[in-house]
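In what follows, a structure is listed as structure tokens, so that the remarks can point back to it.
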Amino acid sequence: MSDRVVVRIPASTRHVALVRATATSLAALLDFTYDRLMDLHIAIDEICSRILATSAPPATRLEVTFHVEDGGLRIEASGDSPLGTKAPFLTSWSKSILDSVTDRIEVQDLDGVACAVFSVAKG
Amino acid sequence: MSGLPSQGRHQQLPKPEVKRLFRELRKSGDHDIRNRLIESHLGLVEYLARRFAGRGEPLDDLVQVATIGLVKAVDRFDPHRQVEFSTYATPTIVGELKRHFRDKGWAVRVPRRLQELNLRLGSVISQLTQDLQRSPTVAEIARASEATEEEVLEALDSAHAYSLISLDAGADREGLSYHEQIGYVDEGLEALEDRVSVGPLLKLLPPRERRMLHLRFFKGMTQSDIAEELGISQMHVSRLLAKTLASLREALEDREREEEG
């Protein structure tokens, strides 16, 4: 199985379903358990919606890259616009959700555009 | 199916007693009387919900929707009208069920084959989790449900495409006693820095949903553990979690926009 899949979608919550579907299909190939699959969905929903909610000016595209790593998935997600300064990218609420459903999460700065990197193991 | 109200458990009250309780409720607004009236009609709720079963929605979801109809009927019924409460409540409950199907558009969008598979998956996943003592993989679910992995994935996705009951619907009757629902302390939830914004929203959640968030995100329990603890299916847990998070997120983002605005 190829180790890298990129999904680029218009910045709208409607299209996040496509990212979820891609994640589902990769996770099934990797033999994720049902629980972890659902965790993966929660993580994707949370990250994508935070990017959409906090980009200023609003992002027009969202790019999510899946890497197959150690039998799990490492996922990078970013918009095409810097994050605004008013609201924090990850609130402590988001953080506690993400800490529970991912094995690792960090936010990187790519020339002013934030990229959330997180991993979900398969079982 | 566990946790559903059974006719036996919710003793039906004689009609004159129902009338009397309604009159008293209108006078005093007593919460216990309201609960008693609701509980004594859960048999009707289940009866009506069953009539809508087999259309691709899990029965326990339907019972929940029908209960919302019942609660509305209890709150609106005028005991001075010359009509029995059950006669009055039936169209309200049926209306709620029909609206549920219409809002979901489920019967239209999702092929019957997937609806049926989706219905089976809930119990297949629960059974496998028990047998394997862990959450099953998609391949295992496919084998056990005699479907292809692709079909299982489609059916799982379709499970998330529908099933939205409003957050304040509240009616919680799955395996939790009232005492259990209110008896836990949500320290984790309370300790969040942004509890100022999340806190009030969490308080609006039905006790089961709040407990679920607490168990998943602050106690670190898996969805399977939670399903077992609450006596509902894993699919139901993941649907409720996704739904609850989505509503909270929407409400929080509205608030952020207002603050920036």
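Protein chains in written order, with our numbering: chain A, 35 to 157; chain B, 245 to 505.
Just so you know, even glycine gets a beta-carbon here, dropped at the ideal spot from N, CA and C.
Being a predicted model, the structure only gives us computed values, none of them experimental.
Range of the contiguous alpha helix (DSSP H) that encloses residue 135 of chain A
Here residue 135 of chain A corresponds to residue number 101 of the first sequence, with the count starting at 1. Here the alpha helix (DSSP H) through residue 135 of chain A covers 126-135.
Considering just the uninterrupted stretch of the beta strand (DSSP E) at residue 390 of chain B, what are its terminal residues?
For this step, residue 390 of chain B is matched to residue 146 along the second sequence. First-last for residue 390 of chain B: undefined, no H or E at that position.
Can you list, in chain order, the residues of the stretch 366-380 of chain B whose Cβ is nearer than 7 Å to any Cβ on chain A?
Here the close residues are 369, 378, 379, 380.
With a threshold of 9 Å between beta-carbons, can residue 115 of chain A be considered close to chain B, or not?
Numbered from 1 along the first sequence, position 81 holds the residue referred to as residue 115 of chain A. Residue 115 of chain A does not count as touching chain B.
For chain A, is any of its Cβ atoms less than 9 Å away from the one on residue 311 of chain B?
Along the second sequence, one-based indexing puts residue 311 of chain B at 67. Taking Cβ atoms only, chain A never reaches closer than 9 Å to residue 311 of chain B, which makes this a no.
Quick check: residue 384 of chain B and residue 372 of chain B, are their CB atoms within less than 9 Å of each other?
Walking along the second sequence from the start, residue 384 of chain B turns up at place 140. Walking along the second sequence from the start, residue 372 of chain B turns up at place 128. Taking C-beta atoms as the reference points, residue 384 of chain B and residue 372 of chain B count as a pair closer than 9 Å.
Backbone CA spacing between residue 77 of chain A and residue 117 of chain A [nearest angstrom]:
The residue given as residue 77 of chain A occupies position 43 in the first sequence. The residue given as residue 117 of chain A occupies position 83 in the first sequence. Taken atom to atom, the span from the alpha-carbon of residue 77 of chain A to that of residue 117 of chain A is near 19 Å.
Quick test of the definition: if touching needs 3 or more C-beta pairs under 8 Å, does the stretch 364-383 of chain B touch the stretch 339-347 of chain B?
No, because fewer than three Cβ pairs between the stretch 364-383 of chain B and the stretch 339-347 of chain B fall closer than 8 Å, the two stretches do not touch.
In this structure, does DSSP put residue 305 of chain B in helix, strand or coil?
Counting from one through the second sequence, the residue named residue 305 of chain B turns up at place 61. In this structure, DSSP gives residue 305 of chain B a helical state, which the three-state scheme calls helix.
Residues of the stretch 461-472 of chain B in Cβ contact with chain A at a cutoff of 8 Å, in chain order, please.
From the stretch 461-472 of chain B, only 461, 462, 464, 466, 467, 468 have a Cβ closer than 8 Å to chain A.
Rank B/465, B/470, B/388 by C-alpha distance to the C-alpha of residue 133 of chain A and give the top, closest one.
On the first sequence, position 99 is the one that residue 133 of chain A refers to. When only C-alpha atoms are compared, the closest one is B/465.
Of all Cβ atoms in chain A, is any one closer than 9 Å to the Cβ of residue 497 of chain B?
Against the second sequence, residue 497 of chain B aligns to sequence position 253. At least one beta carbon of chain A lies nearer than 9 Å to the beta carbon of residue 497 of chain B.
Between the alpha carbons of residue 396 of chain B and residue 60 of chain A, how many angstroms are there, rounded?
Translated into positions along the second sequence, residue 396 of chain B becomes position 152. Translated into positions along the first sequence, residue 60 of chain A becomes position 26. Taking the CA atoms as reference points, residue 396 of chain B sits about 14 Å from residue 60 of chain A.
Strictly under 9 Å for the Cβ-Cβ distance: is residue 148 of chain A near chain B by that measure?
Here residue 148 of chain A refers to the residue found at position 114 when the first sequence is read from its first residue. Taking CB atoms only, residue 148 of chain A has no neighbour in chain B less than 9 Å away.
Please return the same chain residues whose Cβ sits closer than 7 Å to the Cβ of residue 398 of chain B, not counting the five positions on each side in sequence.
Position 154 of the second sequence, counted from the start, is the residue given in the question as residue 398 of chain B. Here the set comprises 358.
Can you list the residues of chain E that residue 55 of chain A reaches, using a CB-CB cut of under 9 Å?
Here chain E cannot be found, since the structure's protein chains are A and B.
Would you kindly check if the distance between the Cβ of residue 106 of chain A and the Cβ of residue 155 of chain A is under 9 Å?
Walking along the first sequence from the start, residue 155 of chain A turns up at place 121. Walking along the first sequence from the start, residue 106 of chain A turns up at place 72. When the beta-carbon positions are compared, residue 155 of chain A and residue 106 of chain A come within less than 9 Å of each other.
Continuous beta strand (DSSP E) stretch holding residue 140 of chain A: start and end:
Residue numbering aside, residue 140 of chain A sits at position 106 when the first sequence is read from its first letter. Here the beta strand (DSSP E) through residue 140 of chain A covers 138-144.
Beta carbon proximity, residue 485 of chain B to chain A, threshold 9 Å
Translated into the one-based positions of the second sequence, residue 485 of chain B becomes position 241. Proximity of residue 485 of chain B to chain A, defined by a Cβ-Cβ separation below 9 Å, is satisfied.
What separation, rounded to the nearest whole angstrom, lies between the Cα atoms of residue 484 of chain B and residue 453 of chain B?
Translated into the one-based positions of the second sequence, residue 484 of chain B becomes position 240. Translated into the one-based positions of the second sequence, residue 453 of chain B becomes position 209. The alpha-carbon separation between residue 484 of chain B and residue 453 of chain B amounts to approximately 7 Å.
Which bits of chain B does residue 69 of chain A rub up against, with CB to CB less than 7 Å?
Taking the first residue of the first sequence as 1, we reach residue 69 of chain A at position 35. Correct list: 379, 466, 467, 468.
DSSP-derived helix/strand/coil call for residue 273 of chain B
Within the second sequence, numbered from 1, the residue matching residue 273 of chain B stands at position 29. Note: residue 273 of chain B maps to coil in three-state DSSP.
Straight-line gap, residue 457 of chain B to residue 451 of chain B (C-alpha atoms, nearest Å)
As a position in the second sequence, residue 457 of chain B is number 213, starting the count at 1. As a position in the second sequence, residue 451 of chain B is number 207, starting the count at 1. So the two alpha carbons sit approximately 10 Å from each other.
Between residue 61 of chain A and chain B, is there a C-beta pair that is closer than 9 Å?
Here residue 61 of chain A is taken as the residue at index 27 of the first sequence, counted from 1. Answer yes: the Cβ-Cβ gap between residue 61 of chain A and chain B drops below 9 Å somewhere.
Run through the DSSP bridge pairs and tell me what residue 109 of chain A is partnered with.
As a working note, residue 109 of chain A is residue 75 in the first sequence. A/100, A/152, per the DSSP bridge assignment.
Taking DSSP as the reference, what is the three-state secondary structure of residue 491 of chain B?
By 1-based counting over the second sequence, the position of residue 491 of chain B is 247. Helix, per DSSP.
Count the other CB atoms, across all protein chains shown, that sit within 10 Å of the CB of residue 314 of chain B; report buried if there are 16 or more and exposed otherwise.
Reading the second sequence from its first residue, position 70 is the one you call residue 314 of chain B. Answer is buried; the Cβ neighbour count reaches 16.
Does residue 140 of chain A pass the burial test, meaning 16 or more other C-beta atoms within 10 Å, or should it be called exposed?
Here residue 140 of chain A refers to the residue found at position 106 when the first sequence is read from its first residue. Burial call: exposed.
By the DSSP assignment, the alpha helix (DSSP H) with residue 294 of chain B in it spans what residues?
To locate residue 294 of chain B, count along the second sequence from 1; it is residue 50. Per DSSP, residue 294 of chain B is one residue of the alpha helix (DSSP H) stretching across 286-295.
Rounded to whole angstroms, what's the CA-CA distance from residue 310 of chain B to residue 272 of chain B? Just pull it up for me.
Taking the second sequence and counting its residues from 1, the one referred to as residue 310 of chain B is at position 66. Taking the second sequence and counting its residues from 1, the one referred to as residue 272 of chain B is at position 28. Their backbone Cα atoms lie some 26 Å apart in a straight line.
Count the CB pairs spanning the stretch 76-92 of chain A and the stretch 45-61 of chain A that are closer than 8 Å, and state whether there are at least three.
As far as the Cβ criterion goes, the stretch 76-92 of chain A touches the stretch 45-61 of chain A, which means the pair count is three or higher.
Closer than 8 Å at the beta carbon, the chain A residues around residue 308 of chain B:
As a working mapping, residue 308 of chain B is identified with position 64 in the second sequence. Under the 8 Å cutoff, chain A gives no residues; its nearest Cβ is about 20 Å from residue 308 of chain B.
Ignore the nearest five residues each way along the sequence and tell me which others in residue 44 of chain A's own chain have a CB closer than 6 Å to its CB.
In the first sequence, residue 44 of chain A corresponds to position 10, counting from 1. Nothing listed; no residue qualifies.
Please report the residue range of the beta strand (DSSP E) in which residue 44 of chain A lies.
By one-based count along the first sequence, residue 44 of chain A stands at place 10. For residue 44 of chain A, the enclosing beta strand (DSSP E) stretches over residues 38-44.
Ignore the nearest five residues each way along the sequence and tell me which others in residue 87 of chain A's own chain have a CB closer than 8 Å to its CB.
Within the first sequence, numbered from 1, the residue matching residue 87 of chain A stands at position 53. These residues qualify, in order along the chain: 121.
Counting only C-beta atoms, is residue 76 of chain A closer than 9 Å to chain B at any point?
Sequence index remark: in the first sequence, residue 76 of chain A carries index 42 (1-based). The Cβ of residue 76 of chain A sits closer than 9 Å to at least one Cβ of chain B.
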